[in-house]
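Plus 268 on top of the position in the sequence shown (first one is 1) and you've got the numbering used here.
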Amino acid sequence: MNKKKKFIMAAAVIFILLLASSQIVLAQNSDNGNSRRSQRQTVEKHEKRSWASDFWRRKKKRNNIPVPAPTPAPSPTPAPTPAPSPTPAPTPAPTPAPTPAPTLPPAPAESAYPLHSNITATVFWVGEPVGNGSSEDNALSAWDDEWQKSFGGFDDPFCRNGFYPCGFMPKENPFYVTVPYNDFNDNGNRKANAQTVVPWADEKTWKDNESMMKNRWVRVIKGEKTCYAQVEDSGPYQYDDHNYVFGNARPINTRANNAGMDVSPALRDCLVFQGLNNADNKIDWQFVNAEDVPAGPWKETVTVSQINW
């Protein structure tokens, strides 16, 4: 019994060893086969590539297609040397604009009325009392018994705000003058000679309470200065000197250096008078029509009121 068991066990061992040996041999054969197949496939691929390459070379040769030479890599193009910047020309100094000629006032319009030359002018003002060269109470005028009220106050010749008196704005033109002719007499009636001596008497039909003289414009010249004003009173000292006022005669007045016109403080300052009543303030003057009066401070307030008795 023991011998039989030993025999069986020995046979089993041998069988196992044989089986293991055969498995090893099979594995080696499989590896060798795989290796040979891999080598064969590599050779076949190489042969196919070689054959294909030869095929295309032969085909190109038959068709006379030159095999292009390999394109050489382009040489790097050197960057262009920048041209030197031109030296900018020096900026010329700007040519100074020519100094404009001083603007001259417009030439006075031609007047149909006589020009009175080298006439002594004195200064008077609204509200000036009698005395110190004044023979009249200038709170009233030849045509307005309430002149100071109509003007708006006392036209102080010494306290000025530009061409205006201090403290108020005049309601009437501060540029005013007197001439020695009144178209009304002391009774309040129009003078008989007015229709013949006043040059503009025929320009309209005048009302009984309308003066031919009040508010008329005059041009007054002193040296290089030309200013304008309205007639608002009669004088100095004479009230019917029509040969001088409307003609070429000299004033008949002999007082105050033969004065032939009174001017207001505004006109005095416009003409740059020296003092109030002296022989140095000589002027030229003439009547002008309203449409010929240029713009200026004398047109900021224009008097239009008429007779107030």
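For glycine and all other residues, C-beta sits at the position ideal for the given N, C-alpha and C.
With a 10 Å radius around the Cβ and a threshold of 16 neighbouring Cβ atoms, leucine 408 comes out buried.
In this model, glutamate 568 and glycine 430 are separated by some 13 Å (Cα to Cα).
Judged by beta-carbon spacing, tryptophan 485 lies within the 8 Å limit of valine 561, meaning their Cβ atoms are closer than that value. In the DSSP assignment, cysteine 538 falls within the unbroken alpha helix (DSSP H) covering 533-539.
With contacts defined by Cβ atoms closer than 8 Å, serine 502 and threonine 446 form a contacting pair. When the Cα atoms are used, threonine 571 and lysine 417 turn out to be separated by approximately 14 Å. Residue environment: valine 466 is assigned as buried (16 or more neighbouring CB atoms within 10 Å of its CB, all protein chains considered).
Counting only residues of its own chain and dropping the five nearest sequence neighbours on each side, alanine 558 has a CB closer than 8 Å to the CB of Trp485.
Of the residues Leu285, Lys490 and Asp412, the one whose Cα lies closest to the Cα of tryptophan 553 is Lys490.
When DSSP states are grouped into helix, strand and coil, threonine 464 belongs to the helix group.
Going by DSSP, lysine 472 is part of no beta strand (DSSP E) at all; its letter is neither H nor E. Around the beta carbon of isoleucine 282, fewer than 16 other beta carbons lie within 10 angstroms, which makes this residue exposed. Judged by their CB atoms, glycine 543 and isoleucine 387 are not nearer to each other than the 8 Å cut-off. The Cβ neighbour count for lysine 482, taken over all protein chains shown within 10 Å, is at least 16; the residue is labelled buried. When beta bridges are read from the DSSP output, lysine 550 appears opposite Thr388.
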